[in-house]
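K.L.:
So the sequence lines, in the order shown, correspond to chains A and B. With the UniProt record's numbering, letter number 216 in the first sequence gets 216, and the count goes up by one each step, no holes. With the UniProt record's numbering, letter number 246 in the second sequence gets 246, and the count goes up by one each step, no holes. Yeah, the Cβ is synthetic: ideal placement off N, Cα and C, and Gly gets one too. Note that this is a predicted model, so its numbers are computed, not measured.
Protein chains: 2
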Amino acid sequence: MRPRSVTLLDVARAAGVSRATVARVINGDGYVGEETRSRVEAAVQATGYRPNVVARGLRTQRSYTIGHIVLEIGANPFFTHVVRAVEGEALANGYKTFLFNHKGNTADERLAVESFIERRVDAVIFTYAQDAANIALLRAAAMPVVQIERQRTGDTSAVLVDNPAGVRMAMRHLIGLGHRRIAFIGGDPALYPHARIQPRSIEEERLDTYRDCLREAGIDPDPDLVRLGRYIKLGADGSDSEGYRHTRDLLALAERPTALFVGTDMLATGALQALYEARLRVPDDIALVGFDDTLAPHLAPKLTSVAQPMAELGLTAFQLALAAIEDPRSAPRVVTLAPHLVVRQSTAPPSGSTRPADPPAREGEIASRQTV
Amino acid sequence: MRPRSVTLLDVARAAGVSRATVARVINGDGYVGEETRSRVEAAVQATGYRPNVVARGLRTQRSYTIGHIVLEIGANPFFTHVVRAVEGEALANGYKTFLFNHKGNTADERLAVESFIERRVDAVIFTYAQDAANIALLRAAAMPVVQIERQRTGDTSAVLVDNPAGVRMAMRHLIGLGHRRIAFIGGDPALYPHARIQPRSIEEERLDTYRDCLREAGIDPDPDLVRLGRYIKLGADGSDSEGYRHTRDLLALAERPTALFVGTDMLATGALQALYEARLRVPDDIALVGFDDTLAPHLAPKLTSVAQPMAELGLTAFQLALAAIEDPRSAPRVVTLAPHLVVRQSTAPPSGSTRPADPPAREGEIASRQTV
DNA sequence: TTGTAAGCGTTATCAC
DNA sequence: GTGATAACGCTTACAA
């Protein structure tokens with residue numbers, strides 16, 4: 001057994017006062033005489049006293065701890081950044097965060113929920129909630145819940161992202177550069193069924209917006225250029241196989257796309273691998289736009305990407321949680337945040353876009369394709 | 001105030017027994033009559049009772065929680081993987097993990113230590129410990145400590161990595177392929193001063209081994225090919241500037257290296273960006289080996305990299321922590337784990353290595369450069 | 001086999 | 001201003 005740690009009583013004895021007085025000094029409230037205060041402070045120093053937050057929580061019915069249930073922090077840096085943001089804001093407000101990865105597994109998510117109830121966390125944040133039943137469990141225990149990015153049920157606060165806006169920025173950027181054959185590699189709406197509370201799932205929103213933007217530019221969407229699947233589908237070594245496969249297929253098309261728009265930066269890594277193999281240069285031979293802005297600055301070339309507001313997502317989620325903790329009867333709030341486009345090196349006008357009939361253009365085209 | 005949650009007393013009333021009996025059923029120990037047991041179990045179901053782990057911890061002086069103090073989980077996927085491994089093993093043993101990122105900041109690390117003491121975690125794991133004084137604080141509070149990868153003090157358990165073995169595998173691989181001008185981009189020993197308890201810092205071990213391997217192969221180390229700095233030095237957009245800069249400098253050399261060995265996969269991202277800009281192909285024009293095996297499978301081309309045993313690092317660290325929790329008087333243990341080399345697409349013989357004078361060799365040379 | 005009661009380290013409500 | 005004292009929800013001798 002560990003040696004008993006220093007308690008209020010120890011400090012009280014050392015200072016020759018009662019525990020109540022020590023508590024008043026520690027918590028800085030109530031009337032304490034000047035001389036007594038300094039004596040107590042000296043005793044705290046001398047004994048090396050640290051308040052026992054566990055005991056305090058038992059008494060105050062507040063743990064100053066929140067739970068954060070995440071899909072899988074290792075699957076995508078997006079989660080790492082959101083987790084960090086939640087943690088940072090929590091810390092700034094005197095809270096600590098428990099993390100739990102459910103790996104898309106409803107049973108694991110339930111385990112997470114139960115363990116958080118048992119530890120009496122003050123609120124739970126989901127990125128993302130898997131099963132509405134698990135949210136219900138928390139609500140039955142009267143715990144505030146905040147959902148990040150994907151809203152599974154409508155009875156809790158949530159922080160969402162304006163996905164159509166993100167897609168629109170990327171598409172306008174590409175179309176503005178002169179691209180007309182723009183491929184889309186993203187999540188299959190059929191694989192990500194949406195909760196009834198939303199008219200469209202994120203996948204539907206993105207795909208619809210992609211097509212809308214093309215039509216607005218007078219381009220007829222080519223079904224051959226749309227490749228859907230899972231966002232997260234890793235190869236045995238952790239690499240992205242989905243983006244790689246789709247990109248290879250697109251390159252084999254009789255009429256190749258001049259630009260690729262992919263649903264996550266992770267998919268972009270697979271796309272870049274396929275392009276590298278095919279000895280195609282980005283953006284010279286083909287342009288590439290990612291989504292999330294996580295791996296984007298680390299890739300070669302640095303990727304143009306739709307940046308998710310990851311820091312704000314986490315910060316806002318904690319703030320909503322805190323509001324619900326402090327006023328449990330307050331109505332749930334839904335906040336929608338805007339993404340923004342970060343333009344880097346992976347986008348440029350399509351090759352041959354500068355007057356293709358001109359003889360010098362051929363020269364330029366070769367130069368732009370050169371890989372060595 | 002939140003509605004009071006269901007307690008043992010509520011269950012006891014519902015079942016018509018005492019709280020002690022309910023506790024016995026919950027914890028599955030002590031004698032309980034068959035009929036009583038089922039009545040209690042029914043009452044637990046009916047009331048939706050969840051034990052309050054906070055209260056239990058107060059009574060048993062065990063929180064079933066550990067603290068994990070990390071340099072910065074967002075800085076390198078290495079940390080994410082170690083964190084996940086610790087968390088997974090903790091969970092499997094009924095523990096939860098508090099995370100704290102100190103960002104290389106001693107004051108923040110101290111905050112972490114204090115908050116963990118206040119929360120009475122059962123043990124603390126460091127990846128990496130920044131300041132010996134903070135470890136001392138924990139030891140004064142009689143908390144078991146485990147250090148991962150870097151050992152700051154000798155009085156706690158630790159899990160280390162055999163760095164020389166990792167460097168040796170990479171160097172032998174490159175030398176075996178025929179490379180003789182191998183550049184080294186890594187941590188500057190002067191920037192990472194080591195604790196007195198180790199004869200050499202990790203940086204010194206790596207650099208020494210790099211040189212030893214060259215000499216063993218009869219190659220005189222060229223100081224021009226050694227570029228030292230910080231491992232982690234991110235640009236404003238999160239990209240790696242250090243690997244980029246060093247690689248550009250190396251490429252400007254009169255006699256270019258034929259291979260690059262970099263100290264982290266993060267540095268490799270910068271190197272790849274410089275190579276891409278210079279329109280050099282990997283491994284055709286230059287070979288590249290990373291360290292950590294984190295981003296390696298995501299890069300184009302997929303990187304050959306020295307894999308750190310991240311999962312084992314975390315798992316072992318928790319096991320050592322658990323051993324210390326269960327027997328506080330047991331002696332600290334130091335475990336050293338072996339890395340391994342993962343060969344992927346970024347390494348090949350130097351260009352022109354297959355009998356450069358022979359005409360058919362040119363054909364073969366091209367084949368060996370082919371990546372598709 | 002079950003119940004009683006003390007105590008874990010706080011905070012909070014009273015008196016004094 | 002300060003000190004008793006009763007919770008908070010649980011575990012665990014010890015009694016019955």
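Assess contact between the stretch 234-243 of chain B and the stretch 191-204 of chain B, defined as three or more Cβ pairs (one per stretch) separated by less than 8 Å. Is contact present?
P.N.:
Not touching, per the Cβ criterion.
K.L.:
For Ala-23 (chain B), which residues from the same chain have a beta carbon less than 8 Å from its beta carbon, with the 5 sequence-adjacent residues on both sides left out?
P.N.:
Here residue 23 (chain B) refers to the residue found at position 23 of the second sequence. Closer than 8 Å at the Cβ level, and outside the excluded window around Ala-23 (chain B), lie Leu-8.
K.L.:
Applying the criterion that 16 or more other CB atoms from any shown protein chain within 10 Å of the CB defines a buried residue, is Thr-336 (chain B) buried or exposed?
P.N.:
One-based indexing of the second sequence puts residue 336 (chain B) at position 336. Exposed.
K.L.:
Thinking C-beta only, is Val-334 (chain A) closer than 7 Å to Ala-85 (chain A)?
P.N.:
What you label residue 85 (chain A) is simply residue 85 of the first sequence in a count that begins at 1. What you label residue 334 (chain A) is simply residue 334 of the first sequence in a count that begins at 1. Result no, Cβ atoms of Ala-85 (chain A) and Val-334 (chain A) do not sit closer than 7 Å.
K.L.:
Suppose you measure from the CA of Pro-51 (chain A) to the CA of Ile-66 (chain A); what does that come to, to the nearest Å?
P.N.:
In the first sequence, residue 51 (chain A) corresponds to position 51, counting from 1. In the first sequence, residue 66 (chain A) corresponds to position 66, counting from 1. Rounded to the nearest angstrom, the two C-alpha atoms are 19 Å apart.
K.L.:
Beta strand (DSSP E) containing Asn-101 (chain B): first to last residue?
P.N.:
Numbered from 1 along the second sequence, position 101 holds the residue referred to as residue 101 (chain B). Here the beta strand (DSSP E) through Asn-101 (chain B) covers 96-101.
K.L.:
So the alpha helix (DSSP H) Asp-208 (chain A) belongs to, where does it begin and stop?
P.N.:
For this step, residue 208 (chain A) is matched to residue 208 along the first sequence. Note, Asp-208 (chain A): alpha helix (DSSP H), 202-216.
K.L.:
With a Cβ-Cβ cutoff of 7 Å, do residue 384 (chain B) and Ala-287 (chain B) count as a contact?
P.N.:
Residue 384 (chain B) cannot be examined here, being either before or after the span of chain B that is shown, 1 to 372.
K.L.:
Rounded to whole angstroms, what is the Cα-Cα separation between Gln-319 (chain B) and Glu-89 (chain B)?
P.N.:
Here residue 319 (chain B) is taken as the residue at index 319 of the second sequence, counted from 1. Here residue 89 (chain B) is taken as the residue at index 89 of the second sequence, counted from 1. Between Gln-319 (chain B) and Glu-89 (chain B), the C-alpha separation is close to 8 Å.
K.L.:
Could you give the C-beta distance for Val-262 (chain A) and Gly-290 (chain A), rounded to a whole number, given that I count them as a contact under 8 Å?
P.N.:
Here residue 262 (chain A) corresponds to residue number 262 of the first sequence, with the count starting at 1. Here residue 290 (chain A) corresponds to residue number 290 of the first sequence, with the count starting at 1. Between Gly-290 (chain A) and Val-262 (chain A) the Cβ distance is about 6 Å, and since that is below 8 Å, they are a contact.
K.L.:
When you compare the stretch 296-312 of chain B with the stretch 274-288 of chain B, are there three or more beta-carbon pairs, one atom per stretch, that lie closer than 8 Å?
P.N.:
Output reads yes: the stretch 274-288 of chain B touches the stretch 296-312 of chain B.
K.L.:
Please state if the CB of Ala-183 (chain B) and the CB of Pro-257 (chain B) are separated by a distance shorter than 7 Å.
P.N.:
As a position in the second sequence, residue 257 (chain B) is number 257, starting the count at 1. As a position in the second sequence, residue 183 (chain B) is number 183, starting the count at 1. Contact flag set, yes.
K.L.:
Helix, strand or coil for Arg-227 (chain A)? Go by DSSP, reduced to three states.
P.N.:
Numbered from its first residue, the first sequence carries residue 227 (chain A) at position 227. In this structure, Arg-227 (chain A) counts as strand in the three-state DSSP scheme.
K.L.:
Go ahead and label Ala-123 (chain B) buried or exposed: buried means 16 or more other beta carbons lie within 10 angstroms of its beta carbon, across all protein chains shown.
P.N.:
By one-based count along the second sequence, residue 123 (chain B) stands at place 123. That one is buried.
K.L.:
Please confirm whether Gly-178 (chain B) and Pro-350 (chain B) have their CB atoms less than 7 Å apart.
P.N.:
Along the second sequence, one-based indexing puts residue 178 (chain B) at 178. Along the second sequence, one-based indexing puts residue 350 (chain B) at 350. Yes; because the gap between Cβ atoms is below 7 Å, this pair is in contact.
K.L.:
How is His-340 (chain B) classed by DSSP in three states: helix, strand or coil?
P.N.:
Along the second sequence, one-based indexing puts residue 340 (chain B) at 340. Reduced to three states, the DSSP call for His-340 (chain B) is strand.
K.L.:
Could you confirm whether any beta carbon from chain A is found closer than 7 Å to the beta carbon of Arg-245 (chain B)?
P.N.:
Locating residue 245 (chain B) in the second sequence gives position 245, counting from the first residue. Not one chain A Cβ lies under 7 Å of Arg-245 (chain B).
K.L.:
Could you pull the start and end residues of the alpha helix (DSSP H) that Ser-5 (chain B) belongs to?
P.N.:
Walking along the second sequence from the start, residue 5 (chain B) turns up at place 5. Looking at the DSSP string, Ser-5 (chain B) is not in any alpha helix (DSSP H), and its letter there is neither H nor E.
K.L.:
Just mark His-340 (chain B) as buried or exposed, buried being the case when its beta carbon has 16 or more other beta carbons within 10 Å.
P.N.:
Start at 1 with the first residue of the second sequence, and residue 340 (chain B) comes out as number 340. Exposed is the call here.
K.L.:
Who are the near neighbours of Gly-166 (chain A) in its chain, counting only those whose CB is closer than 6 Å to its CB and skipping five residues on each side?
P.N.:
Start at 1 with the first residue of the first sequence, and residue 166 (chain A) comes out as number 166. Excluding residues within five positions, the ones whose Cβ falls inside 6 Å are Val-306, Pro-339.
K.L.:
Mind pulling the chain A residues with CB within less than 9 Å of Ile-182 (chain B)?
P.N.:
On the second sequence, residue 182 (chain B) is found 182 positions in, with the first residue counted as 1. Per Cβ cutoff of 9 Å: no residues; Ile-182 (chain B) is ~21 Å from chain A at best.
K.L.:
Could you please tell me which residues of the UniProt domain "HTH lacI-type" (6-60) of chain A, in chain order, have their CB closer than 8 Å to any CB of chain B?
P.N.:
Those residues of the UniProt domain "HTH lacI-type" (6-60) of chain A that come within reach of chain B (Cβ to Cβ, closer than 8 Å) are Gly-48, Arg-50, Pro-51, Asn-52, Val-53, Val-54, Ala-55, Gly-57, Leu-58.
K.L.:
Please list, in chain order, the chain A residues whose beta carbon lies closer than 9 Å to that of Gly-176 (chain B).
P.N.:
Your numbering for residue 176 (chain B) matches position 176 in the second sequence. The contacting residues do not exist; Gly-176 (chain B) stays about 22 Å from chain A at best.
K.L.:
Consider the Cβ of Gly-330 (chain A): report whether some Cβ of chain B lies at a distance smaller than 7 Å.
P.N.:
Stepping through the first sequence from its first residue, residue 330 (chain A) is reached at position 330. One detail in the question is off: residue 330 (chain A) reads as Ser in this sequence, not Gly. No, no contact with chain B.
K.L.:
Could you compute how far the alpha carbon of Glu-203 (chain A) sits from the alpha carbon of Ile-135 (chain A)?
P.N.:
Translated into the one-based positions of the first sequence, residue 203 (chain A) becomes position 203. Translated into the one-based positions of the first sequence, residue 135 (chain A) becomes position 135. Going by the C-alpha atoms only, they are around 23 Å apart.
K.L.:
Which residues bound the alpha helix (DSSP H) around His-173 (chain A)?
P.N.:
If you number the first sequence from 1, residue 173 (chain A) lands on position 173. 163-177 is the extent of the alpha helix (DSSP H) around His-173 (chain A).
K.L.:
Specify, as a first and last residue, the run of the beta strand (DSSP E) that Thr-80 (chain B) falls within.
P.N.:
Along the second sequence, read from residue 1 onward, the residue named residue 80 (chain B) stands at position 80. Note, Thr-80 (chain B): premise wrong, no beta strand (DSSP E); alpha helix (DSSP H) at 77-92.
K.L.:
Just tell me which of A:Ala-278, A:Arg-19, A:Met-266 has its CA closest to the CA of Ala-75 (chain A).
P.N.:
One-based indexing of the first sequence puts residue 75 (chain A) at position 75. Looking at the Cα atoms, A:Met-266 is the closest of the given residues.
K.L.:
Quick check: the Cα distance between Thr-264 (chain B) and Ile-185 (chain B), rounded to an integer number of angstroms?
P.N.:
Here residue 264 (chain B) refers to the residue found at position 264 of the second sequence. Here residue 185 (chain B) refers to the residue found at position 185 of the second sequence. The alpha-carbon atoms of Thr-264 (chain B) and Ile-185 (chain B) are separated by roughly 9 Å.
K.L.:
Considering only residues of the same chain and omitting the five flanking positions on each side of His-173 (chain B), which have a CB-CB separation below 8 Å?
P.N.:
Your numbering for residue 173 (chain B) matches position 173 in the second sequence. The residues are Val-289, Thr-304, Leu-341, Val-343, Thr-347.
K.L.:
For the stretch 200-219 of chain B against the stretch 238-248 of chain B, do three or more pairs of beta-carbon atoms, one drawn from each stretch, fall closer than 8 Å, so that the two count as touching?
P.N.:
The answer is no - the stretch 238-248 of chain B does not touch the stretch 200-219 of chain B, with fewer than three Cβ pairs under 8 Å.
K.L.:
Ordered along the chain, which non-local residues of its own chain (more than five positions away) have a Cβ less than 6 Å from that of Arg-120 (chain A)?
P.N.:
Residue mapping note: residue 120 (chain A) aligns to position 120 of the first sequence, counting from 1. Cβ neighbours of Arg-120 (chain A) beyond the five flanking positions: Ser-63.
K.L.:
Going straight from the alpha carbon of Asn-93 (chain A) to that of Leu-58 (chain A), what length do you get?
P.N.:
Stepping through the first sequence from its first residue, residue 93 (chain A) is reached at position 93. Stepping through the first sequence from its first residue, residue 58 (chain A) is reached at position 58. Approximately 20 Å, taken between the alpha carbons.
K.L.:
Could you check if Glu-87 (chain A) is buried or exposed, using at least 16 other CB atoms within 10 Å of its CB as the buried criterion?
P.N.:
Start at 1 with the first residue of the first sequence, and residue 87 (chain A) comes out as number 87. It counts as buried.
K.L.:
Between Glu-118 (chain A) and Val-53 (chain B), which are expected to be in contact by the criterion C-beta below 8 Å, what is the C-beta distance as a whole number of angstroms?
P.N.:
Looking up residue 118 (chain A) in the first sequence gives position 118. Looking up residue 53 (chain B) in the second sequence gives position 53. Confirmed, Cβ separation roughly 5 Å.
K.L.:
Looking at the unbroken beta strand (DSSP E) that takes in Val-146 (chain B), where does it start and where does it end?
P.N.:
Your numbering for residue 146 (chain B) matches position 146 in the second sequence. Taken as a continuous stretch (DSSP letters only), the beta strand (DSSP E) holding Val-146 (chain B) covers 145-148.
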